[in-house]
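Q:
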Amino acid sequence: MVNVIINNEKLEVSMASNKIQFRSIHELEDPTLTGRLAQKEFLQEIPVDEQTGELKPNESESTGTSRRDFLKLLGFSTAAVTLAACEAPVIKTIPYVVKPHEIIPGVPNYYASTYFDGYDFASVLVKTREGRPIKIEPNPMANGLGKTNARAQASVLSLYDNDKVKQPKLNGKDETFDKVDDFVLKGLTDAQAGGKRIVLLSHSFASPTFKKLFADFKAKYPTAELVTYDAVPYSAALDAAQEVFGQRALPVYDLSKTQLVVSFQADFLGEFNGGTLETSYAAARKPGPDMLRHIQIESNLSLTGANADTRIKLKPSAINKVLVEVYNGLNGGATSKEAAEIVKELQAKGSNAVVFADGSKGAHVLAHLINQKLGSTAFTGKANFLKEFDGARYQEFLSWMNAGQVGVLISNNVNPIYSNNKGEDFKKLLAKVPTIVAIADKKNEMYKAAKAVIPVANWLESWGDMAPQTGVYTLMQPTIQKIYKSRQIEDSLLVWMNGKGNPANNYYDYLKANAATLIGGTTFNKALYNGVLEGGNTATLSYTGGNAAQAATELGNLKASELELVLYTKTSMGDGTQANNPWLQELPDPITRMTWDNYLTMSPKDAKQLGIKNNLNARMQLDGSKVNLTVNGVTIKDVPVFVQPGQAEGSLGLALGYGKKDSGKVAETGVNAFPLFDGSNTVLSNVKIEKTGDDHEFAGIQLQNTLMGRYEIAREVPLDDFLHVKFDDEKLGWNKPLEYHTIGGALPAGKIDLWDAFDDTDGPHFNLSVDLNSCTGCGACVIACQAENNVPVVGKEEVRMSRDMYWLRIDRYYTTIMPENLDKNKDGKLSQAEAVDGGLDVPGMYGHFLDKDSGILNHPADNPDVIFQPVMCQHCNHAPCETVCPVAATSHGKQGQNQMAYNRCIGTRYCANNCPYKVRRFNWFTYNLNDKFDFNQNNDLGRMVLNPDVVVRTRGVMEKCSMCIQMTQNVILEAKKDGRTVKDGEFSTACVNACATGAMTFGDINDKSSKVRELYGSNRRYTLLEEIGTKPNVFYHTKVRNRKEQNV
Amino acid sequence: MSTTKKIYGIYADDDDLLNGVHACNDKGIKINEVYTPFPVHGLDKALGLRKTRISDAAFLYAVYGITIGTLVTWYTMNHDWPQNIGGKPAFLWAHNMPAFVVPMFELMVFCAAHMMSLTFLARNKMYPGCPPQNPDPRTTDDKFMMEFVTDDVDAVKQVLIDTGVEEITVKDA
Amino acid sequence: MSGHYEAPIREPLIIGHKTYHDISNDIARPIEERAGKLWWVSFWIALTLFIYGFGCIAYTIGTGIGAWGLNRTNNWGWDITNFVWWVGIGHAGTLISAVLLLFRQRWRMSVNRSAEAMTIFAVVQAAIFPVIHMGRVWVGYWVFPLPNQFSSLWTNFNSPLLWDVFAISTYFSVSTVFWFMGLIPDFAMIRDRAKTPWTKRIYTFLAFGWGGKAKHWQRFEELSLVLAGLATPLVFSVHTTVSFDFATSVIKGWHSTIYPPYFVAGAIFSGFAMVQTLLLVARKVCHLEDYITMYHIEIMNIVIIVTGGMVTVAYATEYFIAWYSGSRYEDFTYLSPGAATGPYWWAFWALIICNLVIPALFWFKRIRTNIIATFIIALVINIGMWFERFDIIVINIARDYLPSGWTMFKPTIIDVGVFLGTIGFFSVLFLLYARTFPVIAQAELKTILKISGETYKAKDEEDEHH
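Chains as they are written, first to last, in the numbering used here: chain A, 1249 to 2296; chain B, 3 to 175; chain C, 5 to 470.
This is how it looks when you write it as C-alpha cells:
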C-alpha cells in the first residue's frame, strides 16, 4: 500500500508539471498577459521609496508623486491596519510538499477497521481528516458487531494519549529498537539454551493470524507458551461454557424474536458474554402485542435493570436461591412464591423466553440448562471467541514462575500486579524471572518491573485480524503513522523469530498471506475495504452437558451475610483499559449520574442504619461518607459511599477499573477494587465496612432524581393501555395532545401561534425523533457528540460547580408512581397525597429546611422505575433563546436549526437562562491551552482529535447542539455536486450514528417519504414542554412498560 | 459725548422689586434687565416678556427622536437583513413593531431632553467657563437688581427711591 | 399674590427665622468649611472597598465569568441581582424631582438635589453589572446598532436586554442633564461668593456664566417643567423595561404579567428607603436640620408605606397565582409554598420580613417620626429589596422546568467583592458630592421662603388675627 501511494504521487507530479492553467478568459486569448501582469502589480509604478525617503524641499515635484500614488499608499496602509486589527489568531499551516494521493484537504476519508484494545471489540469505520483519525463510526456491514458503545467512540482519543510510553526502554533508559531487540534475543536464546520457558502473557486475543504467528514463534522457540490473562476475564462464564458446551467459547444470543427475558444479575445491555445485546433487545421491544417483557433480578441497579419492566432487587445470596428455585420449578420441584411467578411466566412463553445469569460459574450453568429446557430460540448456537482466559492454565503459569522455570516473560499490555487480588504475590514471583519484557502503554507496575519495554501500538496504528464470532472475520488496518516509537506485538515477534533485518519482518505481508487462507474468494483489498466478512472461526455451540446439582450446591456456597458485595464494570470505564481517557472519566454514569469516580453503592435503608450520609451542599452537589471496606481480610481504604435507590438491602456495589497509579494524571481517580476480585466470582459475601468519618466530594451532572410529578416530561404508558386505550381518549388517554382553552373553545397547542409561521416548506427542514422506549441510556451518543463537536472536558472540580459542557445529556429519572396508579380524572396530575405515597414528599424532595437530612436521595422509593431521556437543543421554531439575544448571535435557520454564531456572542447568558430545556453551555473559562484544564485540549497531541469542521469555542461565548450542521451541510453539498436530491437516511448526526438501538432518527420532515416524518405521525409522539409553545424540531416517543401491576 | 448712563438699582426684597417694576411701567421707564437670585413670580409678566418657545422646540426634537427610532428599527430589523428570530415576524415593520416600542420611546425622550437643554444654553448664550453675566455678585445671593440704560437719570432714581431701593449705582454706558 | 399663600395649618418647610442670605450661607457652608474627621474616615473606608471591588472585576475579566458562582442552570446570580437592586434605588431621585414637581409638591425642594445625586450615582453602579457580566466585555459595544464591516450585522431589537441598554442609558443621561441644569444657578451662587481663586475658577466653569436674568429664569422654569414632564414617564419606563427582562421570558416565575407595575413600585419603595438612609446622614453631617425637617422625613415614610403596600399586594398575588394555577412548575416559583420551605427558605423569609413585616411599623406615627427608627427600617428595606431580586432571579432558574437541570447558586468571594466594590464606589461619589455640591436647591428654596418659612408663616397668622 505504501508503495502504491508513492507511485501515485509520482504520477500526480509528472502530470502536474505539463499543465497550463489560465487565470481568466483574457489570459486565454493573450497568453503573454500573465507575464506582463506579473511584472507589475500596479500598471503605474508607485514611488514608494520617495514616499518613505526624505523629501528635500522643491524636489517634491520631480519625484512625480501624484495624488493617486498617495491614495494607493493610503489604501495599502489602511488595508494593512484592517488586517492587523482582525481578531482571528494567525496559525501557521504547512502545505503538503507532495500531496498524498488519497488525501484531499477538507474531505474526510473513512477506513474500515476493527476496534480491539484487549477488552472491547467492534467492527468500525475510522474517519480521518488530513491523515488524522478523528472519529469512530459503526461499520454498517457488521450489523451486531458493528455497534459502537461509549468506549469504542472514545477510543480515538486514547490514540492521542500524552501519558503513554513513547519510547522503547532498556533498564529504564531510552533505547533504540535495535538495542532492545538484542537484549530480548539474548534472553530468548539463553532461555532456550537453559531449557527455560518463554511465556507470552497476553490479554485475550482472538486473532487467527496472531495465533499462527505464535505457532511459528513456538516452532522457533519450542519452550514458548502463550498464556492469557484478563483483568475482567469472564472466567466463570467460560468455565460454565466448558461444562455445558464442551468448549471455552461464550454463547451468542439474539433477542429479536424473544418475548420474555429473565436475567439474574446479568448486565446483558452492558457487558455480558463479551458483548451487549442492546440492538436485538431494542428490536424486540417495539411496542406491540408480543413486545419483549424483561424481568431483572439483581442487587445493583445496573443499566440493564434500569431498562427492565419488572425489577426485583435481592442480595446476591438470595438471587442464587431464586435461580435455583426457578430451575427446580421448571423441573417440577418446589419453589418460593417469587420463583413460582417467574416459572409461570417462563413456561407461558416457552421457547420464546430466555434466562441469563451472571456472577458465578454455577449461575451460568443453571441459566444454560434452563434455556436448554425451554428450548429457547434466543440461543443461536453461534459462539463468541473474544474471551480466552483459562484460570487453570494461569495458575499453572504461576507455578512455573514459582518453580523458576520461566526464563523470559513477555507481557502484552497486561498488568496483573494492578488488576488482580494476587497482585503482590505476582510481583514477588517476577523476581524469579531473569528476563522480563513489557509491552506496555503506561508507566505502570509492569513497566517498572520489566527490564525491556516496548510501547504498545494503538489499534489505529496496527495491522491485524480478528475472529470474534462464529463465521465472522474482521480486519484491522492502520489509519495513521505510529505517533510514538511503538511497535505492535506481531512485528516484535517476527523480529525475535526471524532475527533482525530479515525482510520477512513485516506483519503486513504476514497478515496478507495468512488472511488469504481465511477470506476465501475475496481479494485482500476488498476485505480490507469492507473490514468484515464471513469466515474465520466456524465452531458452533450446542448443549452437551452441565451438572445442575453441582451448580446448585456451588450457588449455595455463597453464604448469606449482613452485607454482600457485587463487583461490576461501569458503562464508561469497562475494565479500566482506557482509564486515562478524559472523555470516559467525565462521562456520567447512566444510573448515578456521577463523574470521575467509582464508589460503593448502598441502599437508602442500609445507609440510614449505618449512619452513612449523602448530603447536598450549597451548590446542590453531593458530599458522601467514606468507609473502609473489608472482604475476606482484604481492606480497601476510603471508599466513598453513594446511596443508591434500587440497590438491594444488604448488598453493595463497587466498580472495577479505577484507582490506577502511574497510568496518567486522568486515571488517578477512584479506588482500585481489583484486590477484592479473584478473577472469577463477581459476587462476594462476608463484607464489613466501617465509617472513616471524613467525607468525599462527588461531582454529579444531575442531582434531582425524580420528576417532581411532572410526568409529562418523560412519558410512559403500560403496554395494556397502549394496546387497548386510544392515546387521546377523553378520560384514559395516555398521550393526549395538549389543548389551550381559548375564547374560541379548546384549540390544540400546535395550532396556536401569535404570528404567521415562517415558510419552511421548501428545502429540507430537519427533525429529530427520540424514542424513550428504545433508549437504554448507554451514553454512546454523548461521547459521539463530544468527539464530533469538540466539546471540552472540564474536570471534576468544574463538574462539581455544575458547569459540564455536554451538548447532549441523557437525563435519568426515578419514576415511582406508574401512570396506571394515578387518578386518571386528573389526567396524570399528582395530588400531594399521591406524591407523598409515592415517596415524592414534595417539600422534602428538594431538601426541607426543618429536616436537614432530607437530601434528594432519600425520597425516590426503594425500588424505583428508571426512565432515560436524551436531551439536546430542541431547535425550537419559536426559540426563547433567539428572542432575547441582544446582538442576534443566535437566530433560526431555514432548515429548522437554532443556529449559534459563536464569534458574534458577547456572553450575556440570557439565552441560557431563557432556555426551558437548559441545553445551552457557556464557556466559563478558556478550556483549551489552559493549564487549569490539563486535558486533551491542553496538549498538541490531544488536540489532534479535534474535528476541523467545528470551531473550538473561546472563553465567554455560549455554545450548544447544532444538529451537526457541518454534517447536514456536507450531505447537501455532495448531493448538489451530483445534481440530485438528497435521499432519506443520508442526513444524519453524530448521536444518531452512534445509537446502537435506533432510538434516534434524524431526517427531513419536508420529505414525504422520510422515516422521521412517519415517526412524527406516531401516536406515541410528544414534544417536550409543549405548553410553552416553543414548537421544537425535536420530538419524543412515549416509553411503554410491559407489565400489569407495579411489582411481581 | 452722550449723556446716556447705566443705572443699577438694588433691592433687598423681591416684593419691593416687583413694586419698582410696576412703578417704572407706570412712568413708562424702560427696564433694560432684571437680575434675581431666584425666579420671582409675576416678574416676567410685569416686564411683559413673551412666553418662551423652547418647549415648542422640545416637541420637534421629540418628533425627530421617534422618527430616528422608527427608521433604525425598520432598517436594521426589517429591511437590511430580516432574520427569523424566535419566529417573530421580521418582514413587515408594522408586524414587528410591538418589540420596538421601548427603544423608540427612549430615543424620543433622549433627543427631546438633550437637545432642549442645548437649546436652552444656546439661547442664554451660556457655556462652560462663560464669565458671569450678572454685574453684581450679590444678585445670586439675596439681592434683586434692575438695570436701566437711560439719559434721564434723575427720573429713574426718583422711582427707585420711592419704591424703597437699597442702593443705586450710576455708570457711564 | 396667590403664589404667596399657604394654609397656616401646614407645617413650615423651613424652620428657624431665615433670610435669603442665611439660606445661601447654610447651603454653602459644607463646601466652604474643611471636611470633618467623620467625613475622612468614611471616605477612606469607601475608597478601600471601591479599590478592592475593582480588583475583583479585573480578576473576573482576566480569568472568565467562571470566577463567579454561576453554573449551567443559574447563568445569572448576584450580577443581575445587584444590577436590578441599584437601578431600583436609582428611582426615587428623578421621581421626587420630576413627578413631585409636576404635582407642585413644595416639600420636594429640600431633598430633590440629593435624591437626584443618589439616583445618578446608583445608576452608575447599576450600569457596571450588565457590562462586566458579559462573557466578552471587550466586544460589549456590539449592543449598539453600529455600522460594521459586515454591513448587515445589526443588534436584535426584539431583545429585552437591548431595550435595557436604551432605557438605562437614556435614564442615566437625562437624569444627569436634569440634575445639572438645576445646579447651574446654585453653582452661580457659590461662584459669586467664592474666596479662593481656584474655587472661583472651578465654579465659574460649572456655572456656565449664569446671571439670573429675568428671561433666563423664565426659560429655566420652562426647561425644568418640560424635563420633568419627560422624566416622569421615563422613571416608570425604566423599571418597566428592566422587569421585561424577566416578564417577556418563558421561565416560570419570571414570565409574569404583574412584573412591570410591581417592579416600579418596588423600585420607588427601595429608592425612598435609600434616600432616607442617606439624607438622615447628610442632614446631620451638613447641619441641614432646618431644611430637611421631621415633616420631610415623615412624608417620605408615608410614600414608603404606600409603595410598600403595593409590593405587598404584588407578593400576595404571586403567591396566590402560584397556588391557584395548579401548575406543578409554579409550585417552585420564588414566591410559592415551595420556595417558603425549599432550600432557599432563608432568602424567602428574609424578603417577607424585611419588606412586609418590618416596614409595617411605619403605620405608627411615633415610629415614622422617629429618626433612629426611620434610619434602621430604611436600611432593612434596602436589604429586603436586595433579597427580592435575589429570589426572583436565583430561585426561579435554580428550580426550572426540567428537574434534571436543577442546581443551586452559591456566590464566590469574587461575587461578594464586586458587590462591596459598588457600594464603596457609590459612597465615594456621594461623599465627594456632599462636600463639593450645593446639596439643596437653594434658588428654588428661596422662592418658598415667604410661603413656607417659619417667620413668614407666623407673620401671616398675626395678620389674620388683626
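Ideal Cβ positions, reconstructed from N, Cα and C, are used throughout, including at glycine.
Just so we're clear, the structure is a prediction, and the values are computed from it rather than from any experiment.
Would you tell me roughly how many angstroms separate the C-alpha atoms of residue 24 of chain B and residue 50 of chain B, rounded to the nearest one?
A: If you take the alpha carbons of residue 24 of chain B and residue 50 of chain B, they lie about 11 Å apart.
Q: Just reading off the beta strand (DSSP E) that residue 1630 of chain A is part of, what are its end residues?
A: From DSSP, the beta strand (DSSP E) with residue 1630 of chain A extends over 1627-1632.
Q: Between the alpha carbons of residue 308 of chain C and residue 362 of chain C, how many angstroms are there, rounded?
A: Computed Cα separation, rounded: 12 Å.
Q: Mind checking if residue 2126 of chain A is an interface residue toward chain B, Cβ cutoff 8 Å exclusive?
A: Yes, residue 2126 of chain A lies at the interface with chain B (some Cβ there is under 8 Å from its Cβ).
Q: Would you mind telling me which residues of chain C sit closer than 9 Å to residue 129 of chain B, beta carbon to beta carbon, in chain order?
A: The answer, in chain order, is 212, 213.
Q: Could you spell out the range, first to last residue, of the alpha helix (DSSP H) harbouring residue 1428 of chain A?
A: Note, residue 1428 of chain A: alpha helix (DSSP H), 1425-1441.
Q: Can you pull the chain A residues whose beta carbon is under 7 Å from the beta carbon of residue 409 of chain C, in chain order?
A: 2166, listed in chain order.
Q: May I have the straight-line CA-CA distance separating residue 22 of chain C from residue 176 of chain C, to the nearest angstrom?
A: The alpha-carbon atoms of residue 22 of chain C and residue 176 of chain C are separated by roughly 35 Å.
Q: Within a Cβ cutoff of 6 Å, which residues of the same chain sit near residue 169 of chain B, ignoring the five residues on either side of it in sequence?
A: Once the five neighbours on either side are set aside, the close Cβ partners of residue 169 of chain B are 12.
Q: Within 8 Å (strictly less), CB to CB, does residue 2133 of chain A reach chain C?
A: Chain C, which has a Cβ nearer than 8 Å to the Cβ of residue 2133 of chain A, makes this yes.
Q: DSSP puts residue 1717 of chain A in a beta bridge; with which residues?
A: Answer by DSSP bridge pairing, in chain order: A:1632, A:1720.
Q: Please classify residue 2054 of chain A: does DSSP put it in a helix, a strand, or coil?
A: Reduced to three states, the DSSP call for residue 2054 of chain A is coil.
Q: With a threshold of 6 Å on Cβ separation, who are the neighbours of residue 1799 of chain A within its own chain once the five nearest residues in sequence on each side are excluded?
A: Here the set comprises 1610, 1613, 1614.
Q: Please give the ranges of any alpha helix (DSSP H) in the segment 1521-1584 of chain A, keeping only runs that are unbroken, at least 4 residues long and fully inside the region.
A: Fully enclosed alpha helix (DSSP H) runs of 4 or longer: 1526-1532, 1551-1555, 1564-1578.
Q: When we look at the beta-carbon of residue 1797 of chain A and count the other beta-carbons within 10 Å, is it buried (16 or more) or exposed?
A: The residue in question, residue 1797 of chain A, is exposed, as its Cβ has fewer than 16 Cβ neighbours within 10 Å.
Q: When DSSP labels each residue in this structure, what does residue 1418 of chain A get in the three-state scheme?
A: Residue 1418 of chain A falls in the strand class under three-state DSSP.
Q: What does residue 2004 of chain A touch in chain B if you count any residue whose Cβ is under 7 Å from its own?
A: Simply 91.
Q: Just to confirm the assignment, what range does the alpha helix (DSSP H) spanning residue 2046 of chain A have?
A: Note, residue 2046 of chain A: alpha helix (DSSP H), 2044-2048.
Q: My assumption, with CB atoms under 8 Å, is that residue 1630 of chain A sits in contact with residue 1482 of chain A. Please give the rounded CB distance.
A: Not a contact, Cβ separation roughly 17 Å.
Q: Identify every residue that forms a DSSP beta bridge with residue 1371 of chain A.
A: Bridge partners of residue 1371 of chain A: A:1362.
Q: So residue 159 of chain C packs on residue 123 of chain C, CB below 8 Å; how close in whole Å?
A: Their Cβ separation, rounded to whole angstroms, is 27 Å, which puts residue 159 of chain C and residue 123 of chain C out of contact at 8 Å.
Q: Could you check if residue 1672 of chain A is buried or exposed, using at least 16 other CB atoms within 10 Å of its CB as the buried criterion?
A: Looking at its Cβ environment, which holds fewer than 16 other Cβ atoms inside 10 Å, residue 1672 of chain A is exposed.
Q: When the cut-off is 8 Å and only beta carbons count, does residue 67 of chain C lie next to chain A?
A: Output row for residue 67 of chain C: interface = yes.
Q: What ranges does the beta strand (DSSP E) occupy inside the segment 1964-2027 of chain A, keeping only unbroken runs of at least 3 residues that lie completely in it?
A: Segments of the beta strand (DSSP E) lying fully in the segment 1964-2027 of chain A: 1964-1966, 1987-1990, 1993-1996, 2014-2019.
Q: Does DSSP put residue 1474 of chain A in a helix, a strand or coil?
A: Of the three classes helix, strand and coil, the one that applies to residue 1474 of chain A here is strand, per DSSP.
Q: Shorter than 8 Å from the beta carbon of residue 91 of chain C to some beta carbon of chain A?
A: No, residue 91 of chain C lies away from the interface with chain A (no Cβ there is under 8 Å from its Cβ).
Q: Check whether chain C comes within 8 Å of residue 1988 of chain A, counting only Cβ atoms and requiring the distance to be less than that.
A: Taking Cβ atoms only, chain C never reaches closer than 8 Å to residue 1988 of chain A, which makes this a no.
Q: Quick one: is residue 1 of chain B near chain C, going by C-beta distance under 8 Å?
A: Nothing in the structure corresponds to residue 1 of chain B, since chain B is present only between 3 and 175.
Q: Using a C-beta to C-beta distance shorter than 9 Å, which residues of chain B count as neighbours of residue 196 of chain C?
A: Here the neighbours are 134, 136, 138, 139, 140, 141, 142, 143.
Q: Taking only three categories from DSSP, how would you classify residue 2140 of chain A?
A: Residue 2140 of chain A: strand per DSSP, three-state reduction.
Q: Please list the residues of the segment 74-89 of chain B that have a C-beta atom closer than 8 Å to any C-beta atom in chain A, keeping them in chain order.
A: Here the close residues are 85, 86, 87, 88, 89.
Q: Taking 8 Å as the threshold (beta carbon to beta carbon), is residue 169 of chain B in contact with chain C?
A: For residue 169 of chain B, the answer is no, since every Cβ of chain C falls outside 8 Å of its Cβ.
Q: Suppose contacts are defined by Cβ-Cβ distances below 8 Å. Is residue 1381 of chain A in contact with residue 1727 of chain A by that definition?
A: It is a contact, given that the beta carbons lie within the stated cut-off.
Q: Determine the direct distance from the alpha carbon of residue 1628 of chain A to that of residue 1522 of chain A, and round the result to whole angstroms.
A: When rounded, the distance between both Cα atoms is 15 Å.
Q: Could you tell me if residue 1300 of chain A is buried or exposed, where buried requires 16 or more neighbouring beta carbons within 10 angstroms of its beta carbon?
A: Reliability of the predicted coordinates at residue 1300 of chain A is poor, the pLDDT of 43 falling under 50, and the value obtained from them is presented with this limitation in mind. So residue 1300 of chain A ends up on the exposed side.
Q: Starting from residue 1644 of chain A and walking both ways along the beta strand (DSSP E), at which residues does that stretch end?
A: Not the beta strand (DSSP E): residue 1644 of chain A falls in the alpha helix (DSSP H), residues 1639-1650.
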